[in-house]
Amino acid sequence: METTREDGLFISDDPALVDRDKVYRWISEESWWGAGRPRDRVERSVDGSHVYGVYADRETMVGVTRIITDHATFAYFCDVYVDDAYRGKGVGPWLTREIVADLKALGINRFLLATKDKHSTYEKAGFVPVARPQSWMEIDERPTKPGPAD
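Reminder that position 109 of the sequence shown reads as 108 in numbering that gives the first Met the number 0, one-by-one numbering, no gaps.
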């Protein structure tokens with residue numbers, strides 16, 4: 000999949016374009032949720048996911064989203080990151096909408112994500128709070144997970 004915006008930014012799911020060094024830095028060094036994640040875990044997570052990147056050109060990655068999916072019924076958005084220089088320019092909502100559209104074409108009709116502070120970004124792409132949060136359960140043993148106030 001590849002789509003281009005009027006300003007020249009484009010989204011691609013071509014694995015050859017993914018800047019793994021940048022993804023590692025964004026997730027392990029710049030995000031709150033992946034702080035300190037070892038390089039090998041970032042690499043395995045990229046290898047085991049459907050990765051969409053946002054690019055200024057073929058060598059400059061400016062955003063990323065990993066999708067965990069069965070490619071048939073369900074997709075989970077994770078490790079969504081937009082470079083500081085591109086925040087506030089609609090990149091996040093655009094990326095999210097385009098990914099949803101791409102995966103809907105496969106017949107996927109359920110999408111899930113977790114966010115601490117970007118609710119309005121995802122609402123612009125059609126996400127709403129989980130209808131029945133009491134139905135969801137988790138095991139969360141991450142060392143840097145959000146606290147009760149998050």
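The beta-carbon is built from N, C-alpha and C at its ideal position, and this holds for glycine as well.
Among I26, S119, Y23, R19, nearest to P92 - alpha-carbon criterion: S119
Burial state of L105, where buried means 16 or more other Cβ atoms lie within 10 Å: exposed
Three-state secondary structure (DSSP) of S27: Per DSSP, reduced to three states, the secondary structure at S27 is helical.
Exposure label - S134; buried when at least 16 CB within 10 Å: exposed
Candidates R141, A113, P142, of which the one nearest P132 by Cα: A113
Proximity to V79 [Cα-Cα], best of F73, E137, V90: V90
Where L94 sits in the DSSP three-state scheme: helix
Beta-carbon proximity of L94 to Y54, cut-off 8 angstroms: The answer is no: Cβ separation not under 8 angstroms.
Unbroken stretches of the beta strand (DSSP E), 3 residues or longer, contained in the segment 45 to 97: 49 to 56, 59 to 68, 73 to 81
Buried or exposed by the 16-neighbour rule on C-beta atoms within 10 Å, applied to E28: exposed
Three-state secondary structure (DSSP) of E122: E122 falls in the helix class under three-state DSSP.
CB of I107 within 8 angstroms of CB of T68, strictly: It is a contact, given that the beta carbons lie within the stated cut-off.
DSSP bridge partner residues for I10 (one or two, in chain order): Bridge partners of I10: T2, V53.
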